[in-house]
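> Quick one: the structure is below, and I'll ask about it shortly.
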Amino acid sequence: SNAKEIPTATLEAATALFIQQHARILAESIRLFLTSKNKDTRKSRYQLACQHYGELSKVRPYTTKEQRKIVDKAIDDFVKADDLYRHPNRAQVKKAKNDDFWETYAIFEMMEIFSGDDE
Numbered sequence: 022s023n024a025k026e027i028p029t030a031t032l033e034a035a036t037a038l039f040i041q042q043h044a045r046i047l048a049e050s051i052r053l054f055l056t057s058k059n060k061d062t063r064k065s066r067y068q069l070a071c072q073h074y075g076e077l078s079k080v081r082p083y084t085t086k087e088q089r090k091i092v093d094k095a096i097d098d099f100v101k102a103d104d105l106y107r108h109p110n111r112a113q114v115k116k117a118k119n120d121d122f123w124e125t126y127a128i129f130e131m132m133e134i135f136s137g138d139d140e
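23 is the number that our numbering gives to position 2 of the sequence shown; each next residue is one higher, with no gaps.
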């Protein structure tokens with residue numbers, strides 16, 4: 022139909038519903054592709070998440086300020102989850118480096134405490 026004939030309020034309501042549905046499905050898909058033990062589920066939900074990410078990216082220029090916050094959060098969540106999905110061991114490496122730092126720090130603190138140098 023002719024877009025000029027559609028009332029602005031109807032277009033705004035449709036955009037809000039579009040964003041709400043795609044953000045909800047994207048969030049659910051992210052949760053499933055990061056937590057499912059089934060390889061096929063992870064793969065299919067990742068593909069579905071990519072589609073909804075794309076739809077939200079397309080609609081972003083037409084959003085209001087409040088809607089843009091929702092879209093930006095959903096996009097940001099996907100980007101972070103995508104990194105975890107594509108590089109699952111990266112989080113473990115960062116955690117190991119962090120654990121090594123705190124273990125070394127604790128050893129130095131204990132050495133200082135037990136050395137008896139109280140200034």
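The beta-carbon is built from N, C-alpha and C at its ideal position, and this holds for glycine as well.
(1) Go ahead and pull the three-state DSSP assignment for residue 90.
(2) Should the segment 90-98 be regarded as contacting the segment 43-52, the criterion being three or more beta carbon pairs within less than 8 angstroms?
(3) Which stretch, first to last residue, makes up the alpha helix (DSSP H) that contains residue 73?
(4) Does residue 57 come out as helix, strand or coil in the three-state DSSP assignment?
(5) Rounded to the nearest angstrom, what separates residue 77 and residue 108 at their Cα positions?
(6) Are the beta-carbon atoms of residue 69 and residue 50 separated by less than 8 angstroms?
(7) What's the call for residue 30, buried or exposed, on a 16-neighbour Cβ count within 10 Å?
(8) Between residue 79 and residue 59, what straight-line distance do the alpha-carbon atoms span, to the nearest angstrom?
(9) Who are the Cβ neighbours of residue 39 in its own chain at under 7 angstroms, not counting the five residues just before and after it?
(10) Report the rounded CA-to-CA distance for residue 85 versus residue 66, giving the unit in angstroms.
(11) For residue 73 and residue 47, which I take to be in contact (beta-carbon distance under 8 angstroms), what is that distance rounded to the nearest angstrom?
(12) Do residue 36 and residue 83 have their beta-carbon atoms positioned less than 8 angstroms apart in this structure?
In short:
(1) helix
(2) yes
(3) 60-80
(4) coil
(5) 24 angstroms
(6) yes
(7) exposed
(8) 30 angstroms
(9) 80
(10) 28 angstroms
(11) 4 angstroms
(12) yes
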